[in-house]
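Report on one structure; see the data block that follows.
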Amino acid sequence: MCDHALPDSVWLGHIPHVLDSSLAIEISSSCVERFIGMITSFIETDSLSGTLVADRRSPEIPEALDAYGWLIGSWELAVVAYDDEGNVLHSTGEAHFARVLEGRAVQDVFINPRLSDRRPSSPKFANWYGTTIRIYDPSIQAWRVNWFNPHDGIRAELIGRQRGKEIVQEGKFPDGTSIRWTFSNITEDSCLWRGERLEPDGTWRLQVEFRARRTAFPH
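Structure, rendered in C-alpha coordinates:
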(Lines of atoms letter the chains of each structure in order from A; the text may use other names.)
(Lines give C-alpha, C1' and ligand atoms only; values in the text may rest on other atoms or scores of the structure.)
Protein backbone atom coordinates (compact mmCIF):
# COMPACT_ATOMS: atom_id res chain seq x y z
CA MET A 1 0.00 0.00 0.00
CA CYS A 2 1.31 3.48 -0.90
CA ASP A 3 1.49 5.75 2.16
CA HIS A 4 3.15 8.72 0.50
CA ALA A 5 1.81 11.37 -1.83
CA LEU A 6 3.89 11.50 -4.96
CA PRO A 7 5.98 14.69 -5.19
CA ASP A 8 5.03 17.32 -7.76
CA SER A 9 8.25 16.61 -9.62
CA VAL A 10 6.98 13.13 -10.43
CA TRP A 11 3.87 14.56 -12.09
CA LEU A 12 6.12 16.88 -14.06
CA GLY A 13 7.95 13.86 -15.42
CA HIS A 14 11.21 14.30 -13.48
CA ILE A 15 11.47 10.81 -12.05
CA PRO A 16 15.28 10.58 -12.39
CA HIS A 17 15.65 13.80 -10.39
CA VAL A 18 13.40 12.46 -7.64
CA LEU A 19 15.23 9.18 -7.43
CA ASP A 20 18.51 11.07 -7.04
CA SER A 21 17.19 13.07 -4.06
CA SER A 22 16.56 12.16 -0.44
CA LEU A 23 12.85 11.88 -1.28
CA ALA A 24 13.57 8.66 -3.11
CA ILE A 25 13.91 6.88 0.22
CA GLU A 26 10.31 7.82 1.05
CA ILE A 27 8.83 6.55 -2.18
CA SER A 28 8.03 2.88 -1.88
CA SER A 29 7.89 0.55 -4.84
CA SER A 30 4.10 0.44 -4.47
CA CYS A 31 3.99 4.23 -4.96
CA VAL A 32 5.91 3.92 -8.20
CA GLU A 33 3.62 1.10 -9.32
CA ARG A 34 0.59 3.28 -8.57
CA PHE A 35 2.09 6.12 -10.58
CA ILE A 36 2.80 3.82 -13.54
CA GLY A 37 -0.75 2.44 -13.32
CA MET A 38 -2.25 5.94 -13.41
CA ILE A 39 -0.15 6.92 -16.43
CA THR A 40 -1.13 3.70 -18.20
CA SER A 41 -4.81 4.40 -17.51
CA PHE A 42 -4.43 7.91 -18.91
CA ILE A 43 -2.78 6.60 -22.08
CA GLU A 44 -5.51 3.98 -22.57
CA THR A 45 -8.27 6.57 -22.11
CA ASP A 46 -6.58 8.94 -24.51
CA SER A 47 -6.20 6.12 -27.04
CA LEU A 48 -9.92 5.36 -26.83
CA SER A 49 -11.02 8.92 -27.54
CA GLY A 50 -8.33 9.27 -30.19
CA THR A 51 -9.54 6.24 -32.12
CA LEU A 52 -13.28 6.67 -31.48
CA VAL A 53 -13.80 10.35 -32.27
CA ALA A 54 -13.57 11.60 -35.87
CA ASP A 55 -13.01 15.18 -36.99
CA ARG A 56 -15.14 15.00 -40.13
CA ARG A 57 -18.02 13.23 -41.84
CA SER A 58 -17.20 10.07 -43.73
CA PRO A 59 -17.17 10.68 -47.49
CA GLU A 60 -19.52 7.70 -47.75
CA ILE A 61 -22.31 9.84 -46.24
CA PRO A 62 -23.82 12.26 -48.77
CA GLU A 63 -23.87 15.81 -47.44
CA ALA A 64 -27.60 16.02 -48.15
CA LEU A 65 -28.23 13.02 -45.85
CA ASP A 66 -25.98 14.20 -43.00
CA ALA A 67 -29.00 14.62 -40.72
CA TYR A 68 -27.10 14.98 -37.45
CA GLY A 69 -23.93 16.87 -38.30
CA TRP A 70 -25.37 20.16 -37.03
CA LEU A 71 -25.56 18.69 -33.51
CA ILE A 72 -21.80 18.31 -33.07
CA GLY A 73 -20.75 20.21 -29.95
CA SER A 74 -22.33 20.79 -26.53
CA TRP A 75 -25.84 21.85 -25.53
CA GLU A 76 -27.83 22.91 -22.48
CA LEU A 77 -31.31 21.41 -22.24
CA ALA A 78 -34.43 22.89 -20.66
CA VAL A 79 -36.27 19.63 -20.00
CA VAL A 80 -39.99 19.15 -19.32
CA ALA A 81 -41.06 15.57 -18.55
CA TYR A 82 -44.61 14.21 -18.19
CA ASP A 83 -44.91 11.01 -16.18
CA ASP A 84 -47.79 8.52 -16.23
CA GLU A 85 -49.29 9.95 -13.02
CA GLY A 86 -49.79 13.36 -14.57
CA ASN A 87 -46.84 15.03 -12.87
CA VAL A 88 -44.79 17.59 -14.80
CA LEU A 89 -41.09 17.68 -13.99
CA HIS A 90 -38.75 20.53 -14.95
CA SER A 91 -34.98 20.18 -15.00
CA THR A 92 -31.84 21.38 -16.75
CA GLY A 93 -29.81 18.80 -18.65
CA GLU A 94 -26.80 18.72 -20.93
CA ALA A 95 -25.79 16.87 -24.08
CA HIS A 96 -22.51 16.46 -25.94
CA PHE A 97 -22.19 15.20 -29.53
CA ALA A 98 -19.29 14.02 -31.67
CA ARG A 99 -18.67 12.18 -34.92
CA VAL A 100 -17.24 8.73 -34.27
CA LEU A 101 -16.12 5.54 -36.04
CA GLU A 102 -14.31 7.19 -38.96
CA GLY A 103 -17.14 9.71 -39.29
CA ARG A 104 -19.75 7.06 -40.10
CA ALA A 105 -21.72 7.70 -36.92
CA VAL A 106 -22.74 10.46 -34.51
CA GLN A 107 -22.68 9.64 -30.81
CA ASP A 108 -23.81 11.63 -27.81
CA VAL A 109 -23.91 11.61 -24.04
CA PHE A 110 -27.24 12.83 -22.62
CA ILE A 111 -27.26 13.83 -18.95
CA ASN A 112 -30.36 14.92 -17.03
CA PRO A 113 -30.27 16.47 -14.55
CA ARG A 114 -26.99 18.08 -15.61
CA LEU A 115 -23.83 16.98 -13.79
CA SER A 116 -23.85 19.91 -11.37
CA ASP A 117 -27.44 19.11 -10.30
CA ARG A 118 -27.33 15.30 -10.09
CA ARG A 119 -28.19 13.88 -6.68
CA PRO A 120 -29.16 10.41 -5.38
CA SER A 121 -32.59 11.94 -4.74
CA SER A 122 -33.08 13.10 -8.36
CA PRO A 123 -36.42 11.92 -9.87
CA LYS A 124 -36.21 8.54 -11.57
CA PHE A 125 -38.33 9.59 -14.54
CA ALA A 126 -36.34 11.30 -17.33
CA ASN A 127 -33.16 10.64 -15.36
CA TRP A 128 -30.51 10.11 -18.00
CA TYR A 129 -26.83 9.37 -18.08
CA GLY A 130 -26.97 7.58 -21.37
CA THR A 131 -25.75 7.54 -24.91
CA THR A 132 -27.23 7.47 -28.40
CA ILE A 133 -25.31 6.18 -31.37
CA ARG A 134 -26.61 7.04 -34.83
CA ILE A 135 -25.07 5.07 -37.68
CA TYR A 136 -25.72 5.91 -41.31
CA ASP A 137 -27.02 2.93 -43.29
CA PRO A 138 -26.61 3.47 -47.05
CA SER A 139 -28.89 0.52 -47.82
CA ILE A 140 -31.89 2.48 -46.54
CA GLN A 141 -30.42 5.99 -46.92
CA ALA A 142 -31.27 6.69 -43.30
CA TRP A 143 -29.77 6.48 -39.81
CA ARG A 144 -30.07 3.57 -37.40
CA VAL A 145 -30.46 5.08 -33.94
CA ASN A 146 -29.84 3.21 -30.69
CA TRP A 147 -30.37 4.76 -27.25
CA PHE A 148 -29.06 3.19 -24.02
CA ASN A 149 -29.62 4.55 -20.50
CA PRO A 150 -27.89 2.30 -17.94
CA HIS A 151 -29.40 4.32 -15.08
CA ASP A 152 -32.83 2.72 -15.59
CA GLY A 153 -32.15 0.09 -18.25
CA ILE A 154 -34.22 1.88 -20.90
CA ARG A 155 -33.14 1.31 -24.50
CA ALA A 156 -34.69 2.00 -27.87
CA GLU A 157 -34.10 1.33 -31.56
CA LEU A 158 -35.25 3.82 -34.18
CA ILE A 159 -34.75 4.89 -37.78
CA GLY A 160 -33.96 8.57 -38.29
CA ARG A 161 -34.68 10.59 -41.43
CA GLN A 162 -34.88 14.24 -42.33
CA ARG A 163 -38.42 15.26 -43.28
CA GLY A 164 -38.57 18.80 -44.51
CA LYS A 165 -37.13 20.96 -41.74
CA GLU A 166 -37.48 18.27 -39.08
CA ILE A 167 -35.60 15.11 -38.19
CA VAL A 168 -38.06 12.34 -37.35
CA GLN A 169 -36.93 9.18 -35.58
CA GLU A 170 -39.40 6.33 -35.39
CA GLY A 171 -39.01 2.99 -33.66
CA LYS A 172 -39.92 0.89 -30.65
CA PHE A 173 -39.08 0.17 -27.07
CA PRO A 174 -38.14 -3.46 -26.33
CA ASP A 175 -41.73 -4.20 -25.24
CA GLY A 176 -42.98 -3.29 -28.70
CA THR A 177 -44.36 0.16 -27.85
CA SER A 178 -44.02 2.47 -30.85
CA ILE A 179 -42.14 5.72 -30.24
CA ARG A 180 -41.45 8.88 -32.19
CA TRP A 181 -38.63 11.29 -31.33
CA THR A 182 -38.48 14.53 -33.32
CA PHE A 183 -36.01 17.40 -33.68
CA SER A 184 -37.73 20.59 -34.90
CA ASN A 185 -37.28 24.39 -34.88
CA ILE A 186 -33.66 23.70 -35.81
CA THR A 187 -31.18 26.58 -36.00
CA GLU A 188 -27.41 26.71 -35.67
CA ASP A 189 -27.63 27.12 -31.90
CA SER A 190 -31.07 25.91 -30.80
CA CYS A 191 -33.72 23.26 -31.38
CA LEU A 192 -36.79 21.59 -29.90
CA TRP A 193 -36.87 17.84 -29.20
CA ARG A 194 -40.06 15.91 -28.43
CA GLY A 195 -40.32 12.28 -27.35
CA GLU A 196 -43.71 10.60 -27.85
CA ARG A 197 -45.11 7.10 -27.46
CA LEU A 198 -48.11 5.52 -29.17
CA GLU A 199 -50.98 4.75 -26.80
CA PRO A 200 -53.30 1.72 -27.22
CA ASP A 201 -56.06 4.05 -28.49
CA GLY A 202 -53.84 5.13 -31.38
CA THR A 203 -52.97 8.61 -30.06
CA TRP A 204 -49.47 9.91 -29.51
CA ARG A 205 -48.63 10.84 -25.91
CA LEU A 206 -45.90 13.37 -25.16
CA GLN A 207 -43.44 11.99 -22.60
CA VAL A 208 -40.51 14.40 -22.69
CA GLU A 209 -39.58 17.57 -24.51
CA PHE A 210 -36.64 19.88 -24.26
CA ARG A 211 -35.43 23.11 -25.75
CA ALA A 212 -31.73 22.95 -26.46
CA ARG A 213 -29.31 25.88 -26.49
CA ARG A 214 -25.81 25.44 -27.85
CA THR A 215 -23.03 26.08 -25.36
CA ALA A 216 -20.03 25.03 -27.44
CA PHE A 217 -19.09 24.37 -31.05
CA PRO A 218 -16.72 21.53 -31.95
CA HIS A 219 -13.04 22.33 -31.66
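Under this note's numbering, think of the first position of the sequence shown as 1, with each following residue one higher.
All residues carry an ideal CB built from backbone N, CA and C; glycine is no exception.
Suppose you measure from the CA of residue i to the CA of residue j; what does that come to, to the nearest Å?
i: W48; j: E102; result: Sequence check: residue 48 is Leu here, not Trp. Those two C-alpha atoms are separated by around 13 Å.
i: K172; j: D117; result: 30 Å
i: Y82; j: F125; result: 9 Å
i: P113; j: E76; result: 10 Å
i: E94; j: D108; result: 10 Å
i: V80; j: P218; result: 27 Å
i: S184; j: S91; result: 20 Å
i: R214; j: F110; result: 14 Å
i: R194; j: W204; result: 11 Å
i: T134; j: G86; result: Inspection of the sequence shows that residue 134 is occupied by Arg rather than by Thr. When rounded, the distance between both Cα atoms is 31 Å.
i: A186; j: V208; result: This sequence places Ile at residue 186; Ala is not what is there. Cα-Cα distance, rounded: 17 Å.
i: E60; j: A67; result: 14 Å
i: S121; j: P62; result: 45 Å
i: T177; j: Y129; result: 22 Å
i: D46; j: V168; result: 34 Å
i: S58; j: R161; result: 18 Å
i: L206; j: N149; result: 19 Å
i: P200; j: D84; result: 14 Å
i: E196; j: E170; result: 10 Å
i: T51; j: W147; result: 21 Å
Please name the residue, chosen from the options, that lies closest to residue i on a Cα-to-Cα basis.
i: V53; options: A105, W75, T177, R155; result: A105
i: H96; options: H90, S184, G73, V80; result: G73
i: L192; options: F210, V168, V79, G202; result: F210
i: D175; options: V168, S184, L198; result: L198
i: T131; options: A98, R180, V208; result: A98
i: G69; options: E60, R56, A78; result: R56
i: A142; options: F148, I159, R119; result: I159
i: V145; options: D201, R180, P120, E188; result: R180
i: R163; options: P150, S58, P138, T182; result: T182
i: E136; options: T51, V100, A216; result: Here residue 136 is Tyr; the residue named in the question, Glu, does not match the sequence. Of the listed residues, the one whose Cα sits closest to Y136 is V100.
i: A212; options: A78, T51, G50; result: A78
Between residue i and chain B, is the shortest Cβ-Cβ distance under 9 Å, so that the two count as touching?
i: A212; result: Looking at the structure shown, chain B is missing, and only one protein chain is on hand.
Opposite residue i in the DSSP bridges: which residues?
i: H96; result: S74, V109
i: E209; result: V80, R194
With a threshold of 16 other CB atoms inside 10 Å of the CB of residue i, please say whether the residue is buried or exposed.
i: V88; result: exposed
i: A64; result: exposed
i: I140; result: exposed
i: L71; result: buried
Practice prompt. Just list the beta strand (DSSP E) runs in the segment 112–197, keeping only unbroken ones of 3 residues or longer that don't cross its boundaries, in chain order.
Written response: With a minimum length of 3 residues, the continuous beta strand (DSSP E) runs that stay inside the segment 112–197 are 128–137, 142–149, 154–163, 166–172, 178–184.
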